[in-house]
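Chains as they are written, first to last, in this note's numbering: chain A, 32 to 361; chain B, 32 to 361; chain C, 32 to 361; chain D, 32 to 361. Ideal placement from N, C-alpha and C gives every residue a C-beta, glycine not left out. What follows is a short report on a single structure.
Number of protein chains: 4
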Amino acid sequence: MKKKDAFLELLGGKSNKLFAEVGRYFSADGSFHEEEFRKSLRASLSSIKEHSSDSTAFSTNADEWLTAKLNEIINYLDEKGMPEASSSLFKAAVDECARIGLPNVSLPAVHLNAILSYIPDKKPVKHKNNTSDMKTRIMDAALKKFAGDGYHQSTIDDVAELAGVGKGSVYRYFKSKDDLLTSLIVDRSEEIFKRINQIFSNEMDIVEQIQAAIHDWIRFIADNSDLYGLIQSNIQIHDTNTRDMFFDHVFSKLPMLKERVISLNRLNQIRTSNLTFDTMFFGSFGYVDWVFYKWLRSGKVYNLMDEVPIIIEILLHGSIKEIVDTQPGK
Amino acid sequence: MKKKDAFLELLGGKSNKLFAEVGRYFSADGSFHEEEFRKSLRASLSSIKEHSSDSTAFSTNADEWLTAKLNEIINYLDEKGMPEASSSLFKAAVDECARIGLPNVSLPAVHLNAILSYIPDKKPVKHKNNTSDMKTRIMDAALKKFAGDGYHQSTIDDVAELAGVGKGSVYRYFKSKDDLLTSLIVDRSEEIFKRINQIFSNEMDIVEQIQAAIHDWIRFIADNSDLYGLIQSNIQIHDTNTRDMFFDHVFSKLPMLKERVISLNRLNQIRTSNLTFDTMFFGSFGYVDWVFYKWLRSGKVYNLMDEVPIIIEILLHGSIKEIVDTQPGK
Amino acid sequence: MKKKDAFLELLGGKSNKLFAEVGRYFSADGSFHEEEFRKSLRASLSSIKEHSSDSTAFSTNADEWLTAKLNEIINYLDEKGMPEASSSLFKAAVDECARIGLPNVSLPAVHLNAILSYIPDKKPVKHKNNTSDMKTRIMDAALKKFAGDGYHQSTIDDVAELAGVGKGSVYRYFKSKDDLLTSLIVDRSEEIFKRINQIFSNEMDIVEQIQAAIHDWIRFIADNSDLYGLIQSNIQIHDTNTRDMFFDHVFSKLPMLKERVISLNRLNQIRTSNLTFDTMFFGSFGYVDWVFYKWLRSGKVYNLMDEVPIIIEILLHGSIKEIVDTQPGK
Amino acid sequence: MKKKDAFLELLGGKSNKLFAEVGRYFSADGSFHEEEFRKSLRASLSSIKEHSSDSTAFSTNADEWLTAKLNEIINYLDEKGMPEASSSLFKAAVDECARIGLPNVSLPAVHLNAILSYIPDKKPVKHKNNTSDMKTRIMDAALKKFAGDGYHQSTIDDVAELAGVGKGSVYRYFKSKDDLLTSLIVDRSEEIFKRINQIFSNEMDIVEQIQAAIHDWIRFIADNSDLYGLIQSNIQIHDTNTRDMFFDHVFSKLPMLKERVISLNRLNQIRTSNLTFDTMFFGSFGYVDWVFYKWLRSGKVYNLMDEVPIIIEILLHGSIKEIVDTQPGK
DNA sequence: GATGAATGAGTATTCATTCAT
DNA sequence: GATGAATGAATACTCATTCAT
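This is the structure we're talking about:
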């Protein structure tokens, strides 16, 4: 939307009344006097309230009046080539409505569309690759040290020395020892979330997807046994611990996992009634968690992936053999 | 009521007249010259008496004057950040009134309120429990503290204080903080081994026994959630941690558990081939462990025992519904 | 007031109506049901409000009713030998009045007197003389070190070593390095406040008193030059510094100094109009402060007390000689 | 709007129907399947169109249905702690409405408010002042920071950031942090020496000159309160402090000040015998110093220059009123 | 010249453990 | 036996200063 010729603008224009009104809300340089606008709005809404028989009538009248008013002004601003001003104005109007308790606000869809276009789509995250080398070195060292000697037994000096950097550098990249641990867990678990998300993004049979997810999950913890061991060691920081931290991260990264699984459960193959889903979900994590633990304590003498079929079989069909009888073909 | 900045107090102030009056009643250090104040009060009241027609008029006039006077001074003291001084002053005034026979004394409610706040409430007397022996008291306190705040966040001072014993006494019964934790877990887990042992001692059907064991196990950890939470928190001591400690203890106490279960599996009802038994054993512990964890993090808002049937059902028959029957082709 | 024979009490008593009312406010064991009493009070006051023509009438009626009601109940409690219960009851009543906005509350002076007797006069401060040895040693060392090397240049290790105690012991007696400094200043200046207070407590001529105060003040800072040097060095802690700290302490210890001086200025000998007093007060401190500083920088080669007459002369009569002419006798 | 605890989110939840619907629009990781949502929306709107008698009825029905639907989902996302997701969803809905020709869209004001909060406000652009040279910028910043937060509390990073230069540049112009402070004080005090020197250069009456000097001095410290506050804060560097530094500088710059003053005292108007001059000189500085301090601590709420006449009056003629005349007997 | 990433010496503070009373 | 004052080893964290780019 190109700005019109400013001089022509100056000559032409709307009715003087609208001029006067809009003139109150804006400086000559186009900056918005929000408080002035809100004051005027409140005055008008109060007046409407007084003239309305009850609160329902007020809602209807106010919504109607406001839609017309905003429409008029936003149209005007649009013609002036100031569409960006609309968003501030509309924001103020909506906020005022929310304060005054007006339930709904409506606006022509095209205008709303234009205003909403000012919402940025995504924040581009800057990856400074030059710094990441040192950060990675520190994290690698910390993971090794924490997993080996335990978090509380490891000192920042140890980590810095192992990473081959100065102690101060650790504090350049991480606010505190706690932050180092947290960042470690968060950063190093990114990969698995992507994988799980991928699995549940396609439209495969739900049971197959669960099998795939368990398989991938176990592969991930086997490949990252230091990391997962650290999570398991359940170090307490303030009032959370690594397990809490990890789970909160899982759920914040996969906030729609439950919904997605349920939506995929079209044939109603898995138990999703009541609390059962949550129990199953946690229980399965726990099942794998302790099988992993057994493997770790054994000194990793066997291949954890060998356990995958058994785990999947038991989690899906139970520990009891009887069911085998009904599936002789298997 | 926070004391104002003493410096700002000095700078501000009332009229010199009030200054001079208050200055007569108080030393520079704020101590109250009660006799001076009483003398002045008596003089004023006498003067009022003389100018009053009868005793009723005197009462009214005196009350009015006194209310105003006290109000003025107490306000002043309040602004000075010396509300404590008000109580002495008010006490003296009331006493003087009682002596002179003035029937009632009135004062603004807010001031009275402030003055009365200096009347201490009765303190509840602490009962020092001397019945249970010291070691138990220390362990109880340690369990509570460690489970509540975490092992590393708890200090020996905390534990000793909670137990109501001297810090030195902790070291009479336990070699070190680590030893206290270890003893705690070992000592408090005795009971469950007895229970598990009992269950597998009788000749019930193996499936029923497993069901009973799961049931009892969950009951135990629900009843001893502090203890189990502590085990879960997986504190690292030297090169073991609480989970290792607990498991080592389980296996040292129940060395024939696996053999016993397999011997009971006469009808070959459960999977015990190869590695399957160990996997099932650990996995099942893990399943319960994480369902417990879910319960703990929820704030124990529901009854953990309600989960028992679901857990047993899934562990024995799997997460898949008897969908097999409705899909015979699979 | 001795408790009457409980059994006789049980038999006798007031009208059943009062019994019933008081019975609602107290348990059989005499514990006070505050909320019940407040509820009843609120109900009565609301009822009075409804029947009062305006808010003034309400105040009068409510005060009258409340006085009678409290009088009745407190009398009753007194007779029962439960005078301590009166204070809780009265506190609740006053608080309720404050909440409801009732301006004044009046009560028979004798009752008020009894209730106020529950306000403790002074909190007895416990001086553990056995610990004070170590505390004193630490403070002595800290004063020496801080004054000599500067606060920021001194470490806790330095102080502990100089005091000949373990570093941990410093933290047993002082929360932090900051606290050590603050305590030092507060503790070591006690003496001078007592002295100044004494001076202004007697009824000497105000000019003589000021002279005495300046004299004593200079003697104090000369005798405690380390301490005063420390105050002068104006170390910043958080958002205050030692000078602020000291002054706040002066004013909190001598909150009525200004009032007292003004009250003593009967013959209007010194300037106390408007801001003049504060200016004079601070200015005089500053005058002495810098003369002290000059002395300190000179290496204390002369006797600071020799300056006292000059300082007093200038502060009282100015730097100009002319005034000498009007006092030829001097 | 703080993100809820992700864990608790998982446990709670809505009906399975809503789960399944939302699960279709979002991936497990919360990313929005816009096309899926639009398709579903279009389908529903078509269906509404078919069942509506005319276009007005359609508008009404569609708006009502859409408001309810969006409300439901946005509420759900809100409870999940995913308010950001609402904006994408709402944007898509509005766009779809605009395409389909639905005139208005309404939504509860509170939701609109939340969505609109994602429109970023315009950020004020920082003007990097490149006109003044670097050294000045650094000193300005240092003065501001040191005076505001205290020398020890300010870091070189703070100063560099405030000055808008790199940390390394500070070290190009100043050898060390100490050097920065010293240079600051020396450099910025130049002006006052010139002023003082000027005053005592002319041949005015000595008393008038002293008055002028006091006046100018106070104006200088009032105008340069940051600088003078810094001098007052008396920061210790090695074995001197800012006050020493300043005074040494005064005397090195005005080595003949004393001689000049005495030479001007032809009529022997002021006291210059013995030590008196030095005492007067320092004392007067101190007097002003503390009056300045009082002003600073008051938050500069009044005009320091208003104090000048009082200060001059007292320093020249003393604190005692000309009471001498009214009490000739003294 | 300007920059800011890297550094490590320096320090306040904690707390398990000891031991005299 | 019980206590808690005294201790100092251990450690997270800060920030002035350097120096490669």
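Query: Range covered by the beta strand (DSSP E) that runs through Ser-137(A); Result: 135-139
Query: Distance, Arg-130(B) Cα to Arg-73(B) Cα; Result: 10 Å
Query: Cβ-based burial, Val-332(C) [other Cβ within 10 Å; buried from 16]; Result: exposed
Query: Within 8 Å, strictly: CB atoms of Phe-231(A) and Val-292(A); Result: yes
Query: Cβ pair Leu-327(C), Gln-240(C) closer than 8 Å; Result: no
Query: Which residues DSSP lists as bridging Thr-271(C), in chain order; Result: Ile-268(C)
Query: Below-8 Å beta-carbon distance, Gly-54(D) vs any chain A residue; Result: yes
Query: Simplified DSSP state of Ile-342(A), which is helix, strand or coil; Result: helix
Query: Spatial neighbours of Gly-317(B) in its chain, beta-carbon cut-off 6 Å, leaving aside the 5 residues before and after; Result: none
Query: Alpha helix (DSSP H) segments (min. 4 residues) lying fully within the stretch 211-242 of chain C; Result: 221-232
Query: Neighbourhood of Val-281(D) by C-beta distance below 6 Å, restricted to the same chain and skipping five residues each side; Result: none
Query: Rounded straight-line distance, which links the Cα of Ala-116(D) to that of Gly-61(D); Result: 8 Å
Query: Any C-beta of chain D under 8 Å from that of Asp-111(A); Result: This sequence places Lys at residue 111(A); Asp is not what is there. Lys-111(A) does not count as touching chain D.
Query: Residue environment, His-269(A), which counts as buried when at least 16 other CB atoms sit within 10 Å; Result: exposed
Query: Identity of the residue in Lys-325(D), Lys-111(D), Glu-81(D) nearest Ser-256(D) by Cα; Result: Lys-325(D)
Query: Members of the stretch 295-322 of chain C that neighbour chain D once the beta carbon cut-off is set at 8 Å; Result: Leu-298, Asn-299, Gln-300, Ile-301, Arg-302, Leu-306, Thr-307, Asp-309, Thr-310, Met-311, Phe-313, Gly-314, Ser-315, Phe-316, Gly-317, Tyr-318, Val-319, Asp-320, Trp-321, Val-322
Query: Status (buried if at least 16 other CB within 10 Å, exposed otherwise) for Glu-338(D); Result: buried
Query: Contact with chain A by Ala-138(B), beta-carbon distance below 8 Å; Result: Residue 138(B) is actually Leu in this sequence, not Ala. Closer than 8 Å: no.
Query: 8 Å CB neighbourhood of Gly-349(A) in its chain, flanking five on each side removed; Result: none
Query: Beta carbon proximity, Lys-289(C) to chain D, threshold 8 Å; Result: no
Query: At least 3 beta-carbon pairs within less than 8 Å: the stretch 200-215 of chain A vs the stretch 177-189 of chain A; Result: yes
Query: Asn-102(A): first and last residue of the uninterrupted alpha helix (DSSP H) it sits in; Result: 86-110
Query: Cβ shell of Glu-65(D) (< 8 Å), same chain only, five flanking positions each side left out; Result: Ser-119, Ala-123
Query: Reference Pro-286(C); option with closest CA among Met-113(B), Tyr-259(B), Leu-133(B), Trp-96(B); Result: Met-113(B)
Query: beta-carbon Ser-148(A) near the ligand GDP non-hydrogen atom, thresh 7 Å; Result: No copy of the ligand GDP occurs in the structure displayed, which carries no ligand at all.
Query: Sheet register partners of Phe-57(C) (DSSP bridge); Result: Phe-63(C)
Query: Cβ distance (whole Å) where Arg-250(C) is taken to contact Met-336(C) below 8 Å; Result: 7 Å
Query: Under the three-state DSSP convention, the category Met-165(D) falls into; Result: helix
Query: Nearest-angstrom Cα separation, counted from Lys-100(A) out to Val-141(A); Result: 15 Å
Query: Exposure label - Ala-298(A); buried when at least 16 CB within 10 Å; Result: The residue asked about is misnamed: residue 298(A) is Leu in this sequence, not Ala. By the 10 Å Cβ count, Leu-298(A) comes out exposed.
Query: Own chain partners of Asn-160(B) with C-beta closer than 6 Å, once the 5 adjacent residues on each side are dropped; Result: Residue placement at Asn-160(B) is flagged as unreliable, the pLDDT there being 48, under the threshold of 50; the coordinate-derived value follows with that caveat. Cβ within range, chain order: n/a, list empty.
Query: Alpha helix (DSSP H) segment containing Ser-315(A), residue limits; Result: 307-328
Query: Contact between the stretch 166-183 of chain C and the stretch 168-180 of chain B (3+ Cβ pairs under 8 Å); Result: no
Query: Start-to-end residues for the alpha helix (DSSP H) that takes in Asp-126(C); Result: 114-131
Query: Simplified DSSP state of His-183(B), which is helix, strand or coil; Result: coil
Query: Euclidean distance between Cα positions of Asp-94(A) and Leu-147(D); Result: 18 Å
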